[in-house]
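Quick note, in the numbering used here, the sequence shown goes up one by one and the last residue is 71.
We put the CB at the ideal spot given by N, CA and C, even for glycine.
These numbers were taken from a predicted model, which means no experiment stands behind them.
Read through the structure below, which is laid out as structure tokens, and then see the notes.
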Amino acid sequence: MFGKKAPVTGADANNAGDFELEQYIHLRMLNDGFLITPFHNMALMCPDTTAADVDAHTKAFHSMCAELVQ
């Protein structure tokens with residue numbers, strides 16, 4: 002999911018996985034009130050999702066990323 006070079010093939014993507022990082026992302030976002038699907042690492046939004054909901058998700062994700070690079 003995260004790497005220095007974008008994967009080209011499905012095998013590249015599979016080999017680029019970082020299990021501990023993905024677990025952290027899922028748990029951290031869940032603690033902030035957002036569920037990331039465990040099978041495709043997606044944030045699913047329903048038709049009733051508001052712009053404020055998206056902004057809150059973006060803020061939580063940016064905050065998590067900032068903490069990871071400190």
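Nearest residue (CA-CA) to residue i, options the options
i	options	result
Leu-36	Asn-16, Gln-71, Phe-62 and Asp-19	Phe-62
Met-65	Ala-53, Asp-33 and Gly-4	Asp-33
Asp-13	Phe-20, Glu-21 and Gly-4	Gly-4
Where residue i falls: helix, strand or coil (DSSP)
i	result
Cys-54	It is Asp, not Cys, that sits at residue 54 in the sequence shown. Helix, per DSSP.
Cys-66	helix
Thr-10	coil
His-44	With the sequence shown as reference, residue 44 is identified as Ala, and His is not the correct amino acid for it. If DSSP states are grouped into helix, strand and coil, Ala-44 belongs with coil.
Ala-17	coil
Thr-38	coil
Residue interval of the alpha helix (DSSP H) (run including residue i)
i	result
His-27	20 to 32
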